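Asker: My numbering numbers the first residue of the sequence shown as 29 and each following residue consecutively.
Quick reminder that beta carbons are idealized off the backbone N, C-alpha and C, glycines included.
Here the structure is a predicted model, which is why all the values come from computation and not from measurement.
Quick one: structure below, then a few questions.
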Amino acid sequence: MDRFDKATDEMDIEDGEIEAALNKLIASSETYEEAFDKLYELYDLPFEKLEPLMFKAVANAQMLGYLDEI
29 MDRFDKATDE
39 MDIEDGEIEA
49 ALNKLIASSE
59 TYEEAFDKLY
69 ELYDLPFEKL
79 EPLMFKAVAN
89 AQMLGYLDEI
């Protein structure tokens with residue numbers, strides 16, 4: 029498999045799959061940084077692909093935390 033094929037295969041990973049994994053990692057990690065480090069270990073994708081999903085997951089986690097306080 030050449031580099032192009034590998035990159036194409038990596039991009040086929042669905043955002044929903046990454047989001048689900050990230051949500052589990054956030055729940056089981058002490059910090060967001062720890063969760064992101066684990067995510068990078070699981071998915072060898074460019075930061076530009078993971079960054080928007082990370083921000084979305086953090087925002088969702090913060091909203092859920094806020095709702096728990098109400």
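1. Run through DSSP, which three-state label would Tyr71 get?
2. Buried or exposed: which applies to Glu79, given that a residue is buried once 16 or more other Cβ atoms fall within 10 Å of its Cβ?
3. Drop a sphere of 10 angstroms on the beta-carbon of Gly44, count the other beta-carbons inside from all chains shown, and report buried for 16 or more, exposed for fewer.
4. Distance check for Met91 and Tyr66, CA to CA, integer angstroms please.
Answerer: The structure says:
1. coil
2. Glu79 should be labelled exposed.
3. exposed
4. As written in the sequence, residue 66 is Lys, which differs from the Tyr given in the question. When rounded, the distance between both Cα atoms is 22 Å.
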